[in-house]
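**Student:** Residue numbers for the sequence shown follow this note's numbering, beginning at 15 and rising by one.
A virtual CB, placed ideally from N, CA and C, is assigned to each residue, including glycine.
Handing you this structure, nothing more for now.
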Amino acid sequence: MYTLEDLSRAKKRKDLIDIAEDKQINVVKALRMLRYEEELRLLQIEMVNFQRWVKKKGLRVAIIFEGRDAAGKGGAIKRFKQHLNPRSTRVVALSKPTEVERGQWYFRRYIKELPNPGEIVLFDRSWYNRAVVEPVMGFCTPREYNQFMVQVPGFEHMLYEDGVHIIKFWFSISKKEQKKRIESRLLNPLKKWKFSPVDKRGQELWDKYTYYKEQMFSKTHSTFSPWIIVRANDKKTARLESMRFVLSNFDYTTSHKTKITILPDPNIVLRYYRQIEQIDI
Numbered sequence: 015m016y017t018l019e020d021l022s023r024a025k026k027r028k029d030l031i032d033i034a035e036d037k038q039i040n041v042v043k044a045l046r047m048l049r050y051e052e053e054l055r056l057l058q059i060e061m062v063n064f065q066r067w068v069k070k071k072g073l074r075v076a077i078i079f080e081g082r083d084a085a086g087k088g089g090a091i092k093r094f095k096q097h098l099n100p101r102s103t104r105v106v107a108l109s110k111p112t113e114v115e116r117g118q119w120y121f122r123r124y125i126k127e128l129p130n131p132g133e134i135v136l137f138d139r140s141w142y143n144r145a146v147v148e149p150v151m152g153f154c155t156p157r158e159y160n161q162f163m164v165q166v167p168g169f170e171h172m173l174y175e176d177g178v179h180i181i182k183f184w185f186s187i188s189k190k191e192q193k194k195r196i197e198s199r200l201l202n203p204l205k206k207w208k209f210s211p212v213d214k215r216g217q218e219l220w221d222k223y224t225y226y227k228e229q230m231f232s233k234t235h236s237t238f239s240p241w242i243i244v245r246a247n248d249k250k251t252a253r254l255e256s257m258r259f260v261l262s263n264f265d266y267t268t269s270h271k272t273k274i275t276i277l278p279d280p281n282i283v284l285r286y287y288r289q290i291e292q293i294d295i
């Protein structure tokens with residue numbers, strides 16, 4: 015990496031290139047990272063402005079992050095909330111239900127976590143566990159799964175009618191990319207905690223995940239609660255474009271001008287439709 019001493023003696027662009035070559039730094043990669051960091055900083059400033067507007071208007075915003083294991087949901091959530099006021103932002107990542115919760119209506123444990131007026135809630139997985147993960151792994155019965163699939167459109171329509179703003183993201187990655195990320199987690203002592211037996215079986219059960227994912231899209235995608243597909247093989251791009259999508263869905267910029275575009279790239283963020291070209295099939 016460059017040091018302050020290196021930068022102080024660089025007078026021209028060529029000087030920086032020479033230093034980079036001397037230190038064996040990939041200039042293209044370094045410039046790409048700098049652009050990413052700057053875009054992220056500007057979008058996070060907009061997220062802070064958006065949060066203030068949500069608080070002022072008393073809105074309730076729920077952002078759902080779904081996707082296969084290692085799709086980049088946690089990394090995106092981390093960047094979303096990094097500079098937001100924790101008093102009006104929460105991350106919800108529920109563990110497996112307790113014995114008491116198993117005897118309750120499935121949606122009850124999630125209803126308690128829905129946003130209050132002026133609050134943004136980021137769901138690291140959600141009630142859609144029952145649509146994909148649970149049936150794939152055998153954590154629910156066929157009856158429980160079918161009941162959920164019948165009830166979820168009505169449940170979300172009630173939230174919509176009550177004024178809750180729901181954004182449903184599906185972070186989409188290829189089988190090859192998932193394998194690469196899972197192997198990377200095992201080699202990194204700081205990321206080993208992310209690895210679970212469910213992750214291990216993700217590759218083995220890829221086709222089963224695909225089947226239930228497609229069932230979920232076809233039965234729970236609606237005009238009032240659509241699925242938004244984020245092509246996430248490039249984690250950094252997925253973070254930026256999903257952030258842009260959220261910002262572009264609200265008229266929060268009436269009091270200021272943004273310093274960065276908040277319109278997402280339609281090649282990265284797409285509203286689900288049956289013939290959409292997917293990378294995680």
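Tell me which same chain residues have a C-beta within less than 8 angstroms of the C-beta of T275, skipping the five on either side of it?
**Tutor:** Counted from its first residue, the sequence shown places residue 275 at position 261. Excluding sequence neighbours, T275 sits near R258.
**Student:** Would you kindly work out how many angstroms separate the C-alpha atoms of V296 and S198, rounded to a whole number?
**Tutor:** Look at the range of the chain in this structure, 15 to 295, and you will see that residue 296 is not part of it.
**Student:** Among D294, R285, E255 and I290, which one has its Cα closest to the Cα of L277?
**Tutor:** Translated into the one-based positions of the sequence shown, residue 277 becomes position 263. Among D294, R285, E255 and I290, the Cα nearest to that of L277 belongs to E255.
**Student:** Where does the unbroken alpha helix (DSSP H) through G89 begin, and where does it stop?
**Tutor:** Here residue 89 is taken as the residue at index 75 of the sequence shown, counted from 1. K87 to K95 is the span of the alpha helix (DSSP H), which, as asked, contains G89.
**Student:** What is the C-beta distance between T224 and E60, in whole angstroms, given that I count them as a contact (C-beta under 8 angstroms)?
**Tutor:** As a working note, residue 224 is residue 210 in the sequence shown. As a working note, residue 60 is residue 46 in the sequence shown. Not confirmed; about 35 angstroms, so no contact.
**Student:** E170 lies in the alpha helix (DSSP H); which residues open and close that run?
**Tutor:** For the purposes of this step, residue 170 is identified with residue 156 of the sequence shown, where counting begins at 1. That run of the alpha helix (DSSP H) goes P156 to E175.
**Student:** Use the C-beta contact count for Q96: other C-beta atoms within 10 angstroms, 16 or more gives buried, fewer gives exposed.
**Tutor:** Position 82 of the sequence shown, counted from the start, is the residue given in the question as residue 96. It counts as exposed.
**Student:** Quick check on DSSP: helix, strand or coil for T224?
**Tutor:** Translated into the one-based positions of the sequence shown, residue 224 becomes position 210. Correct three-state label for T224: helix.
**Student:** Should the segment 101-109 be regarded as contacting the segment 127-138, the criterion being three or more beta carbon pairs within less than 8 angstroms?
**Tutor:** As far as the Cβ criterion goes, the segment 101-109 touches the segment 127-138, which means the pair count is three or higher.
**Student:** In terms of residues, what are the limits of the beta strand (DSSP E) holding R104?
**Tutor:** Taking the sequence shown and counting its residues from 1, one reaches residue 104 at position 90. Segment T103 to V106, the beta strand (DSSP E) holding R104.
**Student:** Assuming the contact rule is C-beta atoms closer than 8 angstroms, W184 and G81 should be a hit. Round their C-beta distance to whole Å, please.
**Tutor:** Position 170 of the sequence shown holds residue 184. Position 67 of the sequence shown holds residue 81. At roughly 6 angstroms, the Cβ-Cβ gap stays under 8 angstroms, so W184 and G81 are in contact.
**Student:** Give the range of the alpha helix (DSSP H) segment to which K110 is assigned.
**Tutor:** The count along the sequence shown starts at 1 and reaches residue 110 at position 96. Per DSSP, K110 belongs to no alpha helix (DSSP H) and is neither H nor E.
**Student:** Kindly list the residues whose CB is nearer than 7 angstroms to the CB of I295, restricted to its own chain and excluding five residues on each side of it in sequence; keep chain order.
**Tutor:** To locate residue 295, count along the sequence shown from 1; it is residue 281. Same-chain partners within the cutoff: T224.
**Student:** Touching or not, the segment 173-184 and the segment 108-118, by the rule of three or more beta carbon pairs under 8 angstroms?
**Tutor:** Cβ pair count under 8 angstroms is below three, so no.
**Student:** For P280, does the count of other Cβ atoms within 10 angstroms reach 16, so buried, or fall short, so exposed?
**Tutor:** Within the sequence shown, numbered from 1, the residue matching residue 280 stands at position 266. The residue in question, P280, is exposed, as its Cβ has fewer than 16 Cβ neighbours within 10 Å.
**Student:** Closer than 8 angstroms by C-beta to L108: which residues in its own chain qualify, once you throw out the five before and the five after it? Chain order, please.
**Tutor:** Here residue 108 refers to the residue found at position 94 of the sequence shown. Here the set comprises R123, Y124, E127 and R139.
**Student:** Following the continuous alpha helix (DSSP H) through F259, name the residue where it begins and the one where it ends.
**Tutor:** Along the sequence shown, read from residue 1 onward, the residue named residue 259 stands at position 245. First-last of the alpha helix (DSSP H) with F259: K249 to S262.
**Student:** May I ask you to report which of helix, strand or coil DSSP gives I242?
**Tutor:** Taking the first residue of the sequence shown as 1, we reach residue 242 at position 228. Of the three classes helix, strand and coil, the one that applies to I242 here is strand, per DSSP.
**Student:** Are A84 and D248 closer than 8 angstroms when you measure CB to CB?
**Tutor:** As a first step, residue 84 must be located in the sequence shown, where it is residue number 70. As a first step, residue 248 must be located in the sequence shown, where it is residue number 234. For A84 and D248, no; Cβs fall outside 8 angstroms.
**Student:** State the Cα-Cα distance for the pair L204 and I77, rounded to the nearest angstrom.
**Tutor:** To locate residue 204, count along the sequence shown from 1; it is residue 190. To locate residue 77, count along the sequence shown from 1; it is residue 63. Distance between the alpha carbons of L204 and I77: 27 angstroms.
**Student:** Taking the alpha carbon of G89 as the reference point, which residue from T251, R288, S269 and S262 has its own alpha carbon closest?
**Tutor:** The sequence position of residue 89 within the sequence shown is 75, counting from 1. If we check each option's Cα against that of G89, T251 comes out closest.
**Student:** Pick helix, strand or coil for L201, following the three-state DSSP scheme.
**Tutor:** As a working note, residue 201 is residue 187 in the sequence shown. Here L201 sits in helix by DSSP.
**Student:** Can you check DSSP and say which residues form a bridge with W141?
**Tutor:** Within the sequence shown, numbered from 1, the residue matching residue 141 stands at position 127. DSSP output for W141 lists no bridge partner at all.
**Student:** Short of 7 angstroms in beta carbon distance, which residues of its chain neighbour Y226, apart from the five on each side in sequence? Order them along the chain.
**Tutor:** The residue you call residue 226 lines up with position 212 of the sequence shown. If we look at Y226 and ignore the five residues flanking it on each side, its Cβ neighbours are A145, V146, P149 and V150.
**Student:** Cα separation between L56 and L48?
**Tutor:** The residue you call residue 56 lines up with position 42 of the sequence shown. The residue you call residue 48 lines up with position 34 of the sequence shown. Taking the straight line from one Cα to the other gives about 12 angstroms.
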